[in-house]
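One structure below.
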C-alpha cells in the first residue's frame, strides 16, 4: 500500500496524501479535545500531581524539542562544514527542525495551567530564568531556520546560506544547552543539578535528530519508489552510530559521577537498581533498545548495504529516546526530595517516599499531538515544496575520496 | 519589582491617608474599638509600600512542637480557604513532617512550609516573574501572571508549592486562588499587612505549644530576632545557602 | 494581561458607545441593555462614566500595587467593588447574569477571568475573626460620603 503513496506535487492527485492528512488530523482532533477537556476540568483529570508536576506531555514535548535542534545538524554538516551529501539534505533537515519544534512547543503550551495566558509568557520575561531564555531561543530558532530555508530555496540568496546556516548551527547549540539546563539548573533535586545536562542533551539531540531524519528520509524514498543509494546509507549510519555511542558515554559519566558522591547513592540505587518502572525503562529502554541494540545493528556487516537495518536502528533510537526522557523527567521527580539528610521522613505531603505517577489517557493524547503536529507540517510541506534530497553522486564520490 | 516604590503623588497620599483614618476610625468606633485600636497603633499605613527595612521571619522550636498536633495546618486551611484534603493533587501550604535520625533514632516533628528564602530558587526559575519576593522578604506568586508551567515546583527544595488542579469556588475574599496557578504559604500576608501574625503561629500559641515565633528579623527588639540570636538554629537544606526566613531550633 | 486589557479597552469603547447612544443607561433599560443594580451608598468612588471606561485600569494598577508592594488601600480595590456592588438577591457580583459585573460584561461580550480566583461575594461575617470582620464591616461604610469629602 505504501508504494501507492507519493509525496511530491509531480505525483499528481492521489489519495495517499489525503489519507495521511486525515490520519494526522484525527490524532490532532483527539489532542484538541483532550486540551479542551483539561482546560475545563483542570489537571485533576491527569495523572500529574503536586509531586510529579511534569509528566507524559513533557516527555513528548522535550523529546521533540531536543530532536528538533538535532535534526538541523544534517543541514549544518552540509552548509557549515561543506559536505555535499548533507547539503542535498539541508532543506528537509530545516523543515523537520521547524516541524518538530512546533510540535514540541504545542504540547508544552497546551499543558500549561493557564494556556489562555500565552501572551503573558511572551510579554513578561524574567531574564534570570533559563525557562524564559528557552522561549527566546525557540522563537529565534523559528526565525533563523525559516530564513535559512529561504536562502536554500531561493537561487539569488544561495550565497547567504552558509553564514545563515552557521548562525542556525550556533543558535541550536545554545538552544539545546538551554533545554538541558532546565534540568541542570535544578539545584535541589538529586536527579538533576548537574552541568552535564547541557552537553548531554546536545549529544542526545544529535542522535535523536539524525535518527528522526533517517526515518523520515527512508519513508520518503520508499513512497517515491526511489532506492536508497548504498553510499548514503553507509555514511549516515556511521554518523548515527557515533552519536548513539557518545550519548551512552555521557549517560555513563553522569551516573559514575553520582555513584562517587555518597549523597547521591540513594538516588542511583533507586534509578539503576530499583524495583520500579524507571529502572526498567533505563536499562531496557534507554540503554538496550535505544543504545546497544542500534549500535550492534549499525555496525553489523550487512548494515551498509541494507537501508532497512539502518531504518530499524534509527526507529529504535527514537523509542529509546522517549524512554530516556521519561526516566530523566518523571524518574527525576519520583525520587523524593531529601529535606533532612540522614533522617527518615514522613508527612501527609508524601515526603520521604517515592512518588507515584500513572498517566491518564488525556495527557497521552496531549503528548501525541506534538508528533501529529510535526507529522502534519512535514506532510503538507513535502507535498507543496521540493524537499526530497537531490544527490549528485559524482561530487559525493569525489568528496569521499578526498576524505 | 522587589524594590519598594513610594506612591507617586504625595498629595494624593495625604488625601488617602486622611480618608483612611477617617473611615477606619468610623469603622472602629462602630464595630470593634479594641481590636481596631491595635491595628491602627501598629500596622503600617495601608497606602504605604512594604520596604526591605523589615524582613519577616519565623523560628520553629521543634522541642515544643507536639507529635500528632496539626493545629497549625488546620488554621492555615481555614484562613486561606484550602480544602484540607491530602490527596496527591490537593494543595497543602503547610504540613507536619515527622523525622527520625537514621543513626541515633532521635525523633522530631515539625511544620514545613515555604521557607521564604532570601534567594528563592522558585523566583529564579519563574519565566514570567510571577514568582517574586516582596521587599519585606515574603515570597509570593502573582497569580495574574502565573501561566501554570510548574517550573517553580520543580525548583523548590522544600516541596512547598502546590498547583491548583481543579476549578475553585467560594474563595476567601482576602485569599484569591484558582485553577491553573501555583500557590504556596504566604506567611498569611493579608494578616501580616495588618500586623497580625500568620494563622499557624496564632493557632500554635492558642494550643499552648508556642513552638512558632514570628516577627521582623531585622528588628533587634523583636521576639524572633532575640531568639535566633540566643539559640542555635538551623536552616533546612542550609547547604544551598538560600538564607531562609524560616529557621528551626532543636534539630 | 495585555490581551485582556485590550479586550477590556474594547469593552470600554463599546460601553462608551452605549453611553453616547443612550444618555441615561438606566432609562434605556427597556431594550436589551443591562439593568444594573445600584450599589450601596450614594455614589461610586469616581463618576459612573469614568468608572465605566476606566475601572479595568484602576483595578489593574491597584492589583499590582497590592500584590507586589502590599499597598492595601480600599478605594480602588476589587474587594471594595464587590463589597458595594454585590447583589441584594444573590449576594454576589457575578452569580447570575443580572449581577453587577456579569450584567455589563455579558452585555458587552467581554470575558473576564477575575472570578477564577477572586471571591464574587463580600467577606462573610465570622465570629472568630474579629479583626478581619472589622475590616470588612468597615467597607460598606466607606465608599460614599467620606470619600467624596476626601476627594474635594
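Residue numbers (this note's numbering), protein chains in the order written: chain R, 374 to 776; chain C, 32 to 282; chain E, 23 to 174. Quick reminder that beta carbons are idealized off the backbone N, C-alpha and C, glycines included.
Practice task
Using a Cβ-Cβ cut-off of 7 Å, state whether residue 504 (chain R) counts as contacting chain C.
Solution key: As a working note, residue 504 (chain R) is residue 131 in the first chain. Residue 504 (chain R) has a beta carbon lying within less than 7 Å of a beta carbon in chain C.
Problem - residue 391 (chain R) classed as buried or exposed, judged by whether at least 16 other C-beta atoms fall within 10 angstroms - result: Counted from its first residue, the first chain places residue 391 (chain R) at position 18. The C-beta of residue 391 (chain R) has fewer than 16 other C-beta atoms within 10 Å across all chains shown, which makes the residue exposed.
Handout entry: residue 731 (chain R) vs residue 513 (chain R) beta-carbon contact at 7 Å
Key = The residue you call residue 731 (chain R) lines up with position 358 of the first chain. The residue you call residue 513 (chain R) lines up with position 140 of the first chain. In this structure, residue 731 (chain R) sits away from residue 513 (chain R), with a CB-CB distance that is not shorter than 7 Å.
Handout entry: Reduced DSSP secondary structure (H/G/I, E/B, other) of residue 260 (chain C)
Key = On the second chain, position 229 is the one that residue 260 (chain C) refers to. In the structure shown, residue 260 (chain C) sits in a helix (DSSP, three-state: H, G or I).
Problem - Within chain C, partners of residue 716 (chain R) - CB distance below 7 Å - result: Indexing the first chain from 1 puts residue 716 (chain R) at position 343. The answer, in chain order, is 130, 131, 132 and 133.
Problem - CB-CB length for residue 580 (chain R) against residue 660 (chain R), believed under 8 Å - result: Translated into positions along the first chain, residue 580 (chain R) becomes position 207. Translated into positions along the first chain, residue 660 (chain R) becomes position 287. That pair is no contact at about 13 Å.
Practice task
Could you tell me the boundaries of the beta strand (DSSP E) in which residue 88 (chain C) lies?
Solution key: Here residue 88 (chain C) is taken as the residue at index 57 of the second chain, counted from 1. Its beta strand (DSSP E) spans residues 87 to 92.
Handout entry: CB contact check: residue 120 (chain C) to chain E, cutoff 7 Å
Key = Sequence index remark: in the second chain, residue 120 (chain C) carries index 89 (1-based). Judged by the 7 Å Cβ criterion, residue 120 (chain C) is not in contact with chain E.
Problem - chain R within 7 Å of residue 98 (chain C), Cβ atoms only - result: Looking up residue 98 (chain C) in the second chain gives position 67. So no, residue 98 (chain C) is outside the interface.
Exercise for the section: Kindly confirm or deny that the segment 535 to 543 of chain R and the segment 440 to 452 of chain R touch, where touching means at least three C-beta pairs closer than 8 Å. Expected result: Output reads yes: the segment 440 to 452 of chain R touches the segment 535 to 543 of chain R.
Handout entry: the segment 620 to 634 of chain R contacting the segment 589 to 605 of chain R, beta-carbon criterion three pairs below 8 Å
Key = Of all C-beta pairs linking the segment 620 to 634 of chain R to the segment 589 to 605 of chain R, fewer than three are shorter than 8 Å, placing the two stretches out of contact.
Problem - Own chain residues within Cβ distance below 7 Å of residue 718 (chain R), not counting five before or after - result: Residue mapping note: residue 718 (chain R) aligns to position 345 of the first chain, counting from 1. For residue 718 (chain R), the CB contacts under 7 Å within the same chain, skipping 5 residues up- and downstream, are 712, 724 and 725 in chain order.
Handout entry: CA-to-CA distance, residue 96 (chain C) to residue 156 (chain C), given in whole angstroms
Key = Numbered from its first residue, the second chain carries residue 156 (chain C) at position 125. Numbered from its first residue, the second chain carries residue 96 (chain C) at position 65. Those two C-alpha atoms are separated by around 33 Å.
Exercise for the section: Pick out whichever of R:684, R:623, R:677 and R:471 has its Cα sitting closest to the Cα of residue 444 (chain R). Expected result: Against the first chain, residue 444 (chain R) aligns to sequence position 71. Comparing Cα-Cα distances from residue 444 (chain R) to each of R:684, R:623, R:677 and R:471, the minimum goes to R:471.
Handout entry: C-alpha distance - residue 388 (chain R) paired with residue 753 (chain R), whole-angstrom precision
Key = Here residue 388 (chain R) refers to the residue found at position 15 when the first chain is read from its first residue. Here residue 753 (chain R) refers to the residue found at position 380 when the first chain is read from its first residue. CA-to-CA, the gap between residue 388 (chain R) and residue 753 (chain R) works out to about 14 Å.
Handout entry: Amino acids of chain R, ordered along the chain, whose beta-carbon sits closer than 7 Å to that of residue 169 (chain C)
Key = Within the second chain, the letter at position 138 stands for residue 169 (chain C). None at all; the shortest Cβ gap to chain R is about 18 Å.
Handout entry: Status (buried if at least 16 other CB within 10 Å, exposed otherwise) for residue 550 (chain R)
Key = Stepping through the first chain from its first residue, residue 550 (chain R) is reached at position 177. Flag for residue 550 (chain R) reads buried.
Handout entry: Reduced DSSP category for residue 62 (chain E) - H, G, I as helix; E, B as strand; rest coil
Key = On the third chain, residue 62 (chain E) is found 40 positions in, with the first residue counted as 1. Reduced to three states, the DSSP call for residue 62 (chain E) is coil.
Handout entry: Any 3 or more C-beta pairs closer than 8 Å across the segment 186 to 197 of chain C and the segment 128 to 138 of chain C
Key = No, because fewer than three Cβ pairs between the segment 186 to 197 of chain C and the segment 128 to 138 of chain C fall closer than 8 Å, the two stretches do not touch.
Practice task
Assuming residue 485 (chain R) and residue 408 (chain R) form a contact by the criterion Cβ under 8 Å, report the distance between their Cβ atoms to the nearest whole angstrom.
Solution key: Within the first chain, residue 485 (chain R) is the residue found at index 112, counting from 1. Within the first chain, residue 408 (chain R) is the residue found at index 35, counting from 1. Actually they are not in contact, since the Cβ atoms of residue 485 (chain R) and residue 408 (chain R) sit about 10 Å apart, beyond 8 Å.
Problem - Residue environment, residue 275 (chain C), which counts as buried when at least 16 other CB atoms sit within 10 Å - result: Locating residue 275 (chain C) in the second chain gives position 244, where the first residue counts as 1. Only buried fits residue 275 (chain C), as 16 or more other CB atoms lie within 10 angstroms of its CB.
Practice task
Out of C:85, C:81 and C:110, state which residue places its alpha-carbon closest to the alpha-carbon of residue 233 (chain C).
Solution key: Position 202 of the second chain, counted from the first residue, corresponds to residue 233 (chain C). Checking every option, the nearest Cα to that of residue 233 (chain C) belongs to C:110.
Handout entry: Whole-number beta carbon distance between residue 694 (chain R) and residue 663 (chain R), since they are thought to touch under 8 Å
Key = The residue labelled residue 663 (chain R) in the question sits at position 290 within the first chain. The residue labelled residue 694 (chain R) in the question sits at position 321 within the first chain. That belief holds up - the Cβ atoms of residue 663 (chain R) and residue 694 (chain R) are roughly 6 Å apart, short of 8 Å.
Practice task
Could you work out which residue in R:567, R:684, R:705 and R:546 is closest to residue 611 (chain R) when comparing CA atoms only?
Solution key: Your numbering for residue 611 (chain R) matches position 238 in the first chain. Closest by alpha carbon: R:684.
Handout entry: Start and end residues, beta strand (DSSP E) containing residue 3 (chain C)
Key = Past the edges of chain C, shown from 32 to 282, lies residue 3 (chain C), and the structure says nothing about it.
Practice task
Taking the CB atoms as reference points, tell me whether residue 106 (chain E) and residue 62 (chain E) lie closer together than 7 Å.
Solution key: Counting from 1 along the third chain, the entry for residue 106 (chain E) is found at position 84. Counting from 1 along the third chain, the entry for residue 62 (chain E) is found at position 40. Contact flag set, yes.
Problem - Limits of the unbroken alpha helix (DSSP H) element including residue 139 (chain C) - result: Within the second chain, the letter at position 108 stands for residue 139 (chain C). Careful: residue 139 (chain C) lies outside any alpha helix (DSSP H), inside the beta strand (DSSP E) at 138 to 144.
Problem - Burial state of residue 101 (chain E), where buried means 16 or more other Cβ atoms lie within 10 Å - result: Position 79 of the third chain, counted from the start, is the residue given in the question as residue 101 (chain E). It counts as buried.
Exercise for the section: Just tell me which of C:164, C:98, C:77 and C:75 has its CA closest to the CA of residue 240 (chain C). Expected result: In the second chain, the residue the question calls residue 240 (chain C) occupies position 209. Ranking the options by Cα distance to residue 240 (chain C), first place goes to C:98.
Practice task
Kindly list the residues whose CB is nearer than 7 Å to the CB of residue 558 (chain R), restricted to its own chain and excluding five residues on each side of it in sequence; keep chain order.
Solution key: Your numbering for residue 558 (chain R) matches position 185 in the first chain. Here the set comprises 503.
Practice task
Provide the residue span of the beta strand (DSSP E) that contains residue 610 (chain R), from first to last.
Solution key: Numbered from its first residue, the first chain carries residue 610 (chain R) at position 237. Residue 610 (chain R) -> not in any beta strand (DSSP E); alpha helix (DSSP H) instead, spanning 603 to 633.
Problem - Buried/exposed call for residue 263 (chain C), threshold 16 Cβ in 10 Å - result: Counting from 1 along the second chain, the entry for residue 263 (chain C) is found at position 232. Per the 10 Å Cβ criterion, exposed.
Practice task
Figure out for me which residue from R:692, R:649 and R:617 has the closest Cα to the Cα of residue 708 (chain R).
Solution key: Counting from one through the first chain, the residue named residue 708 (chain R) turns up at place 335. That would be R:649, whose Cα lies nearest to the Cα of residue 708 (chain R).
Exercise for the section: Could you tell me whether any Cβ in chain C is nearer than 7 Å to the Cβ of residue 456 (chain R)? Expected result: Numbered from its first residue, the first chain carries residue 456 (chain R) at position 83. No, residue 456 (chain R) does not count as interfacial toward chain C.
Exercise for the section: Measure the alpha-carbon distance for residue 100 (chain C) versus residue 141 (chain C) and round it to whole angstroms. Expected result: As a working note, residue 100 (chain C) is residue 69 in the second chain. As a working note, residue 141 (chain C) is residue 110 in the second chain. Residue 100 (chain C) and residue 141 (chain C): Cα-Cα distance of roughly 10 Å.
Practice task
Give me the Cα-Cα distance between residue 515 (chain R) and residue 465 (chain R), rounded to the nearest whole angstrom.
Solution key: By 1-based counting over the first chain, the position of residue 515 (chain R) is 142. By 1-based counting over the first chain, the position of residue 465 (chain R) is 92. One C-alpha to the other measures close to 15 Å.
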